[in-house]
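Step one of this worksheet: look at the structure below.
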Ligand code: THU
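Numbering (the numbering used here), first residue to last: 9 to 141.
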């Protein structure tokens with residue numbers, strides 16, 4: 009099984025592929041599935057700013073496309089001294105597949121971790137849609 013440090017290395021290396029010409033803010037992510045596979049992601053910006061895709065969602069889309077829906081750990085890497093939490097949109101996006109994922113954020117001087125359910129305690133739960141039609 010991979011160590012957090014291995015996932016942090018994947019996230020940091022993937023950060024270097026970030027396409028962030030507008031914000032200059034590079035983010036890398038490593039998403040580990042329940043079966044131990046790791047999918048990487050970086051933020052991909054667009055001249056039409058709202059089309060930007062965060063690193064976490066890039067990784068999640070890659071993992072789901074490859075057939076994975078259960079995630080054990082999500083590690084994100086950013087530049088700067090202090091770790092940042094994933095944005096609300098990414099929390100909601102990953103919460104679609106379960107809120108028991110551990111989230112680690114690695115910065116130059118510190119690492120923080122949270123349980124996804126604590127980052128988004130009121131995630132919109134798609135099960136309510138079953139009663140909507
Ligand atoms: N960004 C991420 O990749 N993940 C987050 O959780 C927050 C923000 C990216 C989006 C954009 O390219 C840049 O950081 C600045 O918002």
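Using N, Cα and C, we set each Cβ at its ideal position, and we do this for glycine too.
- Boundaries of the alpha helix (DSSP H) around residue 73: 63 to 73.
- Each of 28, 31, 33, 35, 51, 53, 60, 62, 63, 64, 94, 95, 98 has a C-beta closer than 6 Å to some heavy atom of ligand 1; these make up the full list, in chain order.
- Membership of residue 36 in the beta strand (DSSP E) is indicated by the continuous run 35 to 41.
- With fewer than 16 other Cβ atoms from the protein chains shown falling within 10 Å of its own Cβ, residue 30 counts as exposed.
- Beyond the five residues adjoining it in sequence on each side, residue 60 comes within less than 6 Å, by CB distance, of 53, 54 in the same chain, given in chain order.
- The continuous alpha helix (DSSP H) containing residue 99 extends over residues 96 to 103.
- Burial of residue 36 is indicated by the presence of at least 16 other C-beta atoms within 10 angstroms of its C-beta.
- Restricting attention to 92, 56, 113, the CA atom closest to the CA of residue 28 is found in 56.
- By DSSP's assignment, residue 57 forms no beta bridge with any residue.
- Secondary structure at residue 81: strand, using DSSP grouped into helix, strand and coil.
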